[in-house]
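Enquirer:
2 protein chains.
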Amino acid sequence: MELSERKLKILLAIVDDYIATGTPIGSRTLSRMWGGAYSPATIRNEMSDLEEMGLLQQPHTSAGRIPSDLAYRLYVDRFLNVPRLTDQEAQTIRSYYRFRMGEIEDVMAATAHVLSQMTDYVGMILAPQLDNVTVSQIRVIPVTRGRALAVLVTSEGIVKDMFFQIPPNMDDRHLEMMSNALTDLMRGKSLDEFSVACEKLKEELGVGAEVFDALLGTVRKSTAPVRSVVFDGHQNLFKHPEYSNVERARTFLATIDSRDVFYNMLSQTNNMEITISIGRENEHESLQDSSVVTATYRIGGHSVGSFGVVGPTRMDYARVLSVMEQISAALNEILSGSEV
Amino acid sequence: MELSERKLKILLAIVDDYIATGTPIGSRTLSRMWGGAYSPATIRNEMSDLEEMGLLQQPHTSAGRIPSDLAYRLYVDRFLNVPRLTDQEAQTIRSYYRFRMGEIEDVMAATAHVLSQMTDYVGMILAPQLDNVTVSQIRVIPVTRGRALAVLVTSEGIVKDMFFQIPPNMDDRHLEMMSNALTDLMRGKSLDEFSVACEKLKEELGVGAEVFDALLGTVRKSTAPVRSVVFDGHQNLFKHPEYSNVERARTFLATIDSRDVFYNMLSQTNNMEITISIGRENEHESLQDSSVVTATYRIGGHSVGSFGVVGPTRMDYARVLSVMEQISAALNEILSGSEV
DNA sequence: GTTAGCACTCTATCTGGTTGAGTGCTAACA
DNA sequence: TGTTAGCACTCAACCAGATAGAGTGCTAAC
């Protein structure tokens, strides 16, 4: 069936209204909204068509219509205009970052918080991942007999500490040499090349083969995907009638707390600027009546992690995208401040 | 009024029953429970006295009685016996820690998770604090022109990284000297003495006064209280009728998300083994119908942080304390494994 | 193609009645 | 004096029936 101009007008009006009010919209309401330009009966006919096309749904026979996932998808893909935030709101966002932001944990907490505060949905952010980064420094520090600390600094300014075993009789100067040689070899390179560098140095230096193995082992372990996800705004759930049903709120919170689901979603978006996943488009069952919007953030030009919000499919997508755009800017700026 | 043996028996029966079932207990129920040893009327008289003493409350005229905060306090202080967990349950707790626990964040997440899983309340843990620790190593690593990384290792095995400014023309060997001299001076000492050490070295070495200042500044900032608190088990709220009221659930979640409240509670318990705060004993208004149980955890003998659960005043205190005892043991063991 | 009219559907809300658990009080009892 | 039986009363929870309101689909007329 053709999606005529009028059908589209009706559909978009329903989407807008439903996003704003959360109640199903009937033909009379629409007719009045346009000052009677079309009669309720006409609108009913069109609505009926739209329902057949899978764009509208009826919660029950005598309720108005609500948009389907497909309608939101159409709306988001083709008719969403994302307004710029007012200067004042942009300012508000910045103000959330005005406190000590020395550590990535602080930045993550602030981001999740401002996301939830500005959107009234649940905000979340994934910790920066260590794949895809380049090395700036590798330093090995003897700590006690038989134990050393490796400090890895990436060119993005991310620091990673890793303890590992060394032979008890290891000479401190050897560790010093290792540090220098490794840093020379690896500077500007990806971590993927770490094992090659280790092999090479094993031969060249002719000492401490087992130290390189231990170091390689700990680096491998520590640069495995970082599964840390921070959430904020759990209480926002209750601002939306969708979750006022206790059982639904409970499953939703359980999904958040299990973290796996969102870790997967957030880590899969690494190459896309913005992803919107609506209702049944979500793989995970307990999210099939929610929408998830995610975006990546960068440190020093590299996309290293992502953040986003999750809320009902009846989400104010325009608002969410505006806010996320602004937060993305603030975030990239703050994180690149610590660039090395 | 005297708290006779029989009154006490009735009170404790009500506390136990209410904790188990969550419904008010009436005189008939109690009378039947004891096979009619006392008639309902007698029990009613006693209950009336207990109510006058502030130990019982009535939700409404024709409901049974429920314990007051004061009753829980009495119960917890004088009549609580904390059963040991079964070996199987102890084993279950350990199993939560079987995965990669390389970083403190992992340990925190696992602890919050097991707390909530084993108790059905909300679990939480505060990150280790850096006051009260002793220094094992301080290392300064040049990163780029004008920028260096200080790595602080405590004798408990906590590592802290801090970037700071150095003069662009700073010689790497000077940084090396600084590292060695600082480590020599500070090893085994508390961080409080760091500024003294800096002053001393400033004079002795005769170079880099401004570097010491910058270093001191960043250390001060980085060792400020760590406000990171991890929560788990939000969905457990709904397992308890106390929070099935949406408004109460919302305020509760809001309190959790603001973090401040719990940061304060968790950081104030640093010297006490276990703290139990019941209902109106809680300073914060939104917790006045909840209870908070916290305990400290240690790394290498020092009490560095705390963890706990929060739930309704009608909390299974015995269960919570059993679980926390076991988790405490597991936690101390795991964290001291990384001791230097 | 559009509209008016009409019978119908479904939810939400209000009402009143019933049930069950529990209380406080009084008077009788040991 | 402490304990108990009896009784009138209270309150929340539940159920059933009535009503109002919003909205629909269908048909026939414009």
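So the sequences go chain by chain: A and B.
Just remember that our numbering sits 648 ahead of the position in the first sequence, which is counted from 1.
Just remember that our numbering sits 648 ahead of the position in the second sequence, which is counted from 1.
The C-beta atom is built at its ideal place from N, Cα and C for all residues, glycine as well.
1. So which residues on chain B does Ala-902 of chain A lean against when the C-beta distance must stay under 7 Å?
2. Output yes if chain A places a C-beta closer than 7 Å to the C-beta of Gln-777 of chain B; else output no.
3. Between the alpha carbons of Ser-876 of chain A and His-761 of chain A, how many angstroms are there, rounded?
4. Span of the alpha helix (DSSP H) holding Asp-664 of chain B?
5. So if I threshold CB-CB distances at 8 Å, which residues from the region 826-848 of chain A count as touching chain B?
6. Output, in chain order, the set of chain B residues within a Cβ distance shorter than 8 Å of Asp-809 of chain A.
7. In three-state terms, what does DSSP make of Ala-798 of chain B?
8. Comparing the C-beta of Glu-753 of chain A with each C-beta of chain B, is any distance below 7 Å?
9. Verify whether the separation of the beta carbon atoms of Arg-962 of chain A and Tyr-769 of chain A is less than 7 Å.
10. For the 8 Å Cβ check, are there 3 or more pairs between the region 668-677 of chain B and the region 686-705 of chain B?
11. Would you say Phe-955 of chain B lies against chain A (beta-carbon separation less than 7 Å)?
12. Relative to the C-alpha of Phe-955 of chain B, which residue among B:Lys-850, B:Val-971, B:Asp-964, B:Gly-949 is closest?
13. What residue does the beta strand (DSSP E) around Gln-785 of chain A start on, and which one ends it?
14. Skipping 5 residues on each side, what residues in its chain have a beta carbon closer than 7 Å to that of Phe-860 of chain B?
15. What is the DSSP secondary structure of Asp-809 of chain B, counted as helix, strand or coil?
16. Excluding the five sequence neighbours on either side, which residues of its own chain have a C-beta within less than 8 Å of the C-beta of Pro-731 of chain A, listed in chain order?
17. Mind checking Ser-716 of chain B: buried by the 16 CB within 10 Å criterion, or exposed?
18. Just how far apart, CA to CA, sit Arg-868 of chain A and Phe-879 of chain B?
19. Please check the pair Leu-823 of chain A and Val-788 of chain A, which I expect to be a contact at CB under 8 Å, by giving their CB distance rounded to whole angstroms.
20. For Ile-982 of chain B, which of helix, strand or coil comes out of DSSP?
21. Here's the rule I'm using: 16 or more other beta-carbon atoms within 10 Å means buried, otherwise exposed. How should Leu-698 of chain B be labelled?
22. In terms of residues, what are the limits of the alpha helix (DSSP H) holding Ser-679 of chain B?
23. So, with DSSP's three-state summary, where would you put Leu-733 of chain A?
24. Identify the contact partners of Gly-750 of chain B in chain A, using a Cβ-Cβ distance below 9 Å as the criterion.
25. Output yes if chain B places a C-beta closer than 7 Å to the C-beta of Ser-876 of chain A; else output no.
26. For Thr-899 of chain A and Leu-885 of chain A, what's the separation of their Cα atoms in angstroms?
27. Flag Gln-785 of chain B as yes if its beta-carbon sits less than 7 Å from any beta-carbon of chain A, otherwise no.
28. Give me the Cβ distance between Phe-811 of chain A and Arg-795 of chain A, rounded to the nearest whole Å; I'm assuming they're in contact under 8 Å.
29. List the residues of chain A whose Cβ lies closer than 7 Å to the Cβ of Val-894 of chain B, in chain order.
30. Assign Met-920 of chain A to buried or exposed, taking buried as 16 or more other Cβ atoms, counted over all protein chains shown, within 10 Å of its Cβ.
31. Which residue's Cα is closest to the Cα of Gly-856 of chain B: B:Ala-872, B:Leu-833, B:Gln-813, B:Ser-892?
32. Which value, in whole angstroms, describes the spacing of the CA atoms of Ala-758 of chain A and Leu-914 of chain B?
33. Going by DSSP, name the residue or residues bridged to Asp-880 of chain B.
34. Cutting at 8 Å between CB atoms, please list the residues of its own chain near Arg-928 of chain A, excluding the five before and the five after it.
Expert: Let me lay it out:
1. Listed along chain B, the residues sitting closer than 7 Å to Ala-902 of chain A by beta-carbon distance are Gln-883.
2. no
3. 16 Å
4. 653-669
5. none
6. Val-799, Val-807, Asp-809
7. strand
8. yes
9. no
10. yes
11. no
12. B:Val-971
13. 783-792
14. So the qualifying residues of the chain are Cys-846, Leu-849, Lys-850.
15. strand
16. Ala-966, Ser-970
17. buried
18. So the two alpha carbons sit approximately 28 Å from each other.
19. 5 Å
20. In the three-state reduction of the DSSP assignment, Ile-982 of chain B falls in the helix class, which pools H, G and I.
21. buried
22. 675-681
23. coil
24. Met-810, Phe-811, Thr-866, Lys-869, Ser-870
25. So yes, Ser-876 of chain A belongs to the interface.
26. 12 Å
27. Interface annotation, Gln-785 of chain B: in contact with chain A, CB-CB separation under 7 Å.
28. 6 Å
29. Under the 7 Å cutoff, chain A gives Phe-886, Ser-892.
30. exposed
31. Relative to Gly-856 of chain B, the option among B:Ala-872, B:Leu-833, B:Gln-813, B:Ser-892 whose CA is nearest is B:Gln-813.
32. Their backbone Cα atoms lie some 20 Å apart in a straight line.
33. B:Gly-771
34. Beyond the five residues adjoining it in sequence on each side, Arg-928 of chain A comes within less than 8 Å, by CB distance, of Asp-717, Gln-936 in the same chain, given in chain order.
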